[in-house]
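Numbering follows this note's numbering, with no gaps: position 132 of the sequence shown is 347. Glycine residues also receive a C-beta, built at the ideal position from the N, C-alpha and C atoms.
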Amino acid sequence: MIVPIRMLGDPVLREHAKPVTEFDGKLGRMADDMLETMYAAPGVGLAGPQVGISLRLFVLDDGQIGPTFIANPILLDPSGTVVEEEGCLSIPGPYHPTPRSERIRCRGQDVKGKDVEMEGEGLLARIFQHETDHLDGVLYIDRLDEGGRREVLADLRRFELGLQEPRARRRPE
Ligand code: ZN
216 MIVPIRMLGD PVLREHAKPV TEFDGKLGRM ADDMLETMYA APGVGLAGPQ
266 VGISLRLFVL DDGQIGPTFI ANPILLDPSG TVVEEEGCLS IPGPYHPTPR
316 SERIRCRGQD VKGKDVEMEG EGLLARIFQH ETDHLDGVLY IDRLDEGGRR
366 EVLADLRRFE LGLQEPRARR RPE
């Protein structure tokens, strides 16, 4: 089932999400709904708070690893820094260059509660960081410098006033 995506301004996006403790059928259905919603958007990642669920979980698919669910993620051993255009399904409008670690490991649990650990590089590393940020109430625009943030806000105003169509999403997250 496709569920509505919460947009910038919704307080749930700024909450510190709670750990996942129940690995039951309800969690499995939640994961399925989130994956369906992410693919339909279309996007490459979607975190719990973005669908109004303030729990530490996200789904992703970078186009290589396939549909993936991670609960209670912990990011380890970041290395390198890259600046690439980044966007968010909760923030309409164009993308903006955003600095992230180039490589990072993500440890967490799968939908059954089994421990998993993945190594990410490039886009996958970026998704791990973007989605884990969501669980701490952090949005990618918080990681831009002042000029970048001003640009985002100007874009948002134009978008809200209907003066500008959003650019095609090249790398939706
Ligand atoms: Zn996002």
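Pairwise C-beta distances place the segment 268–285 in contact with the segment 225–245, as three or more of them are shorter than 8 Å. Gly240 and Lys327 have their alpha carbons spaced roughly 9 Å apart. Between the segment 276–291 and the segment 300–308, the count of C-beta pairs closer than 8 Å stays below three; the two stretches do not touch. For Glu366 and His345, the gap between their C-alpha atoms comes out near 19 Å. Check the Cα spacing between Gly363 and each of Gly224, Asp292, Pro314 and Ile268: the tightest is with Pro314. In the structure shown, Pro226 falls within a helical segment according to DSSP collapsed to helix, strand and coil.
Inside the segment 306–384, DSSP marks whole alpha helix (DSSP H) runs of 4 or more residues at positions 338–350 and 361–375, from first to last along the chain. Listed in chain order, the non-local C-beta contacts of Thr296 below 6 Å within the same chain comprise Pro314, local neighbours out to five positions each way being set aside. For Leu291, the enclosing beta strand (DSSP E) covers residues Thr283 to Cys303. DSSP places Ala255 inside the alpha helix (DSSP H), whose first and last residues are Gly240 to Ala255.
In the structure shown, the three-state DSSP call for Gly267 is coil.
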